[in-house]
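To keep things clear, I will list the structure first and then write my remarks on it.
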Amino acid sequence: MISKNNKYEVIIIGLGAMGSAASYYMSKKGINVLGIDRFQPPHSFGSSHGHTRIIREAYHEGTSYVPIVQRAYELWHDLENESNQEMIIEYGGMYIGDNGNYLSDAKLSAKKYNIPIEEFSSSKIKEQFKILNPKNNFKGLFEKRSGAVFPEKSILYFLEESIENGNHHKYNEKVISWEKESGNYKVITDKNQYVAEKLIFSSGAWLSNLVPFLKLPLRIERQVLFWFDPLKDKELFHYSKLPNTGWDLDNGDEFYTQPDIEGKGFKVAMHHNGEFIDEENLSRQYTKSDLSIIRNFIEEYIPSANGKLLDSKVCIYTDTPDLDFIIDFYPEDENIIICSPCSGHGFKFTPAIGEICSKMINNEKTGFDLSEFSLSRFI
Numbered sequence: 247m248i249s250k251n252n253k254y255e256v257i258i259i260g261l262g263a264m265g266s267a268a269s270y271y272m273s274k275k276g277i278n279v280l281g282i283d284r285f286q287p288p289h290s291f292g293s294s295h296g297h298t299r300i301i302r303e304a305y306h307e308g309t310s311y312v313p314i315v316q317r318a319y320e321l322w323h324d325l326e327n328e329s330n331q332e333m334i335i336e337y338g339g340m341y342i343g344d345n346g347n348y349l350s351d352a353k354l355s356a357k358k359y360n361i362p363i364e365e366f367s368s369s370k371i372k373e374q375f376k377i378l379n380p381k382n383n384f385k386g387l388f389e390k391r392s393g394a395v396f397p398e399k400s401i402l403y404f405l406e407e408s409i410e411n412g413n414h415h416k417y418n419e420k421v422i423s424w425e426k427e428s429g430n431y432k433v434i435t436d437k438n439q440y441v442a443e444k445l446i447f448s449s450g451a452w453l454s455n456l457v458p459f460l461k462l463p464l465r466i467e468r469q470v471l472f473w474f475d476p477l478k479d480k481e482l483f484h485y486s487k488l489p490n491t492g493w494d495l496d497n498g499d500e501f502y503t504q505p506d507i508e509g510k511g512f513k514v515a516m517h518h519n520g521e522f523i524d525e526e527n528l529s530r531q532y533t534k535s536d537l538s539i540i541r542n543f544i545e546e547y548i549p550s551a552n553g554k555l556l557d558s559k560v561c562i563y564t565d566t567p568d569l570d571f572i573i574d575f576y577p578e579d580e581n582i583i584i585c586s587p588c589s590g591h592g593f594k595f596t597p598a599i600g601e602i603c604s605k606m607i608n609n610e611k612t613g614f615d616l617s618e619f620s621l622s623r624f625i
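In our numbering, each residue's number is its place in the sequence shown (first place is 1) plus 246.
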């Protein structure tokens with residue numbers, strides 16, 4: 247028997263980036279929400295940690311993302327005003343490569359949406375950012391509004407404000423199963439049972455286990471983040487002097503860096519390193535190989551960064567085959583939303599996707615074309 251106290255309008259399963267934001271924006275509408283997470287968010291077991299995340303507007307992953315990230319920029323600044331906390335810093339970003347997909351696709355987005363960009367030769371990159379050492383055939387594409395957002399800080403704010411606005415959250419509680427029952431949805435956890443009129447799944451790496459009937463072809467990819475204390479020219483690694491960089495190398499490898507923010511060090515990581523794992527058996531420690539790959543990259547392209555290792559974090563990407571998002575209603579049921587995964591490039595969109603979910607669940611128009619993020623690609 248489920249008590250009246252365990253009945254809600256909406257249950258959100260997964261309170262990482264998208265789930266916490268959805269809870270927040272629904273709480274502002276007065277929707278009665280229960281959020282459930284198997285850990286205590288913000289935590290380091292999923293995809294929403296690591297001090298900073300890059301935000302960028304000239305989106306090389308596809309033009310469909312640009313209107314959503316532009317709304318995210320607006321909402322990040324709104325959140326700063328509401329919270330009196332620093333939620334976003336805009337200091338610039340540079341795509342660097344041999345004019346492959348990174349640069350050409352970013353140019354397409356910039357052209358379609360009139361995003362200001364500046365093209366750099368290899369020599370101009372070296373002249374303006376003396377610590378960068380691109381190959382002579384590389385080019386750069388500079389975007390002024392690129393910058394950083396803060397995952398742990400923003401998730402904590404979403405969660406605390408959601409509760410302040412009347413939502414309920416259950417942490418360290420694992421969802422075992424769910425089923426449709428008498429027109430509602432019963433959610434069974436390892437501690438209790440709950441009922442809701444509607445459901446949102448924003449559970450990232452654990453999504454496939456929660457909706458096994460969909461047989462989603464998702465893969466879990468291990469990612470390692472590193473922070474270094476530069477060998478020299480430390481003042482040139484500060485975000486006031488150095489942009490984010492995204493490197494598209496000749497051999498197909500991709501790396502990204504973020505400058506020193508709040509004294510945490512220079513951040514470097516490989517993007518989509520191709521190590522696919524089981525989310526339950528993830529090694530949380532970096533290996534010699536992990537570190538060697540990063541040190542070899544920075545020794546060639548940013549040699550003065552190759553100093554003492556200050557910190558490292560292991561996180562995961564949950565990837566679709568096409569590396570695009572899933573934001574859609576469950577097949578033949580608009581009372582259920584699937585809002586996962588984001589394939590390793592979602593955090594910058596967090597407030598916009600939270601707002602989108604709050605509109606979808608409330609039968610409102612989102613204002614965006616979400617057709618590229620449909621489940622029909624895979625089922």
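For each residue, glycine too, the CB sits at the ideal point set by N, CA and C.
Quick caveat: nothing in here was measured; it's all calculated off a predicted structure.
Query                                                                                                             : Result
Collapsed DSSP secondary structure at L402 in the structure displayed                                             : helix
Endpoints, alpha helix (DSSP H) assigned at W473                                                                  : Looking at the DSSP string, W473 is not in any alpha helix (DSSP H); the run it does join, the beta strand (DSSP E), is 465 to 475.
8 Å contact criterion, which H591 and E307 should meet: CB distance rounded                                       : 6 Å
Residue span of the alpha helix (DSSP H) that contains F543, given as start and end                               : 534 to 547
Counted within 10 angstroms of its Cβ, other Cβ atoms place M247 as buried (16 or more) or exposed                : Its pLDDT being 39, under 50, M247 is placed unreliably by the model, and the measurement read from it follows with that caveat. M247 comes out exposed.
Endpoints, alpha helix (DSSP H) assigned at W452                                                                  : Neither: W452 is in no alpha helix (DSSP H) and is coded neither H nor E.
Whole-number beta carbon distance between S423 and I434, since they are thought to touch under 8 Å                : 5 Å
Euclidean distance between Cα positions of E580 and S586                                                          : 16 Å
D475 versus P505: straight-line alpha-carbon distance, rounded                                                    : 11 Å
Cβ neighbours of I301 in the same chain (closer than 6 Å, five flanking residues each side left out)              : G393, V395, K594
Pairwise C-alpha distance: T564 and C588                                                                          : 7 Å
Residue of N251, S369, L621 minimising C-alpha distance to L464                                                   : L621
Beta-bridge partners of N252, as assigned by DSSP                                                                 : Its beta-bridge partners do not exist; DSSP assigns none.
From P380, H289, I572, I625, residue whose alpha carbon lies closest to that of F501                              : P380
Those runs of the beta strand (DSSP E) which lie wholly inside the region 485 to 517 and span at least 3 residues : 490 to 494, 500 to 504, 512 to 516
Beta-ladder partner(s) of G393, from DSSP                                                                         : I301, E336
Cα-Cα separation, E508 to P577                                                                                    : 45 Å
Close-in-space but distant-in-sequence residues of the same chain around I573 (CB under 7 Å, 5 per side omitted)  : C585, I599, I602, L616, F619
Any 3 or more C-beta pairs closer than 8 Å across the region 408 to 423 and the region 519 to 529                 : no
Cβ neighbour criterion (16 or more within 10 Å) applied to P567                                                   : exposed
Outcome for S367 when other beta-carbon atoms lying within 10 angstroms are tallied against a minimum of 16       : exposed
Span of the beta strand (DSSP E), counted from its first residue to its last, around C561                         : 554 to 565
I257 vs Y431 beta-carbon contact at 9 Å                                                                           : yes
Burial state of P458 (16 or more Cβ within 10 Å)                                                                  : exposed
T189, DSSP secondary structure in three states                                                                    : Nothing in the structure corresponds to residue 189, since the chain is present only between 247 and 625.
Burial state of L471 (16 or more Cβ within 10 Å)                                                                  : buried
Whole-angstrom distance between A318 and S604, CA atom to CA atom                                                 : 14 Å
Buried/exposed call for R391, threshold 16 Cβ in 10 Å                                                             : buried
Buried versus exposed, by CB contacts within 10 Å (16 or more), G498                                              : exposed
Buried or exposed (CB count within 10 angstroms, at least 16 for buried), D496                                    : exposed
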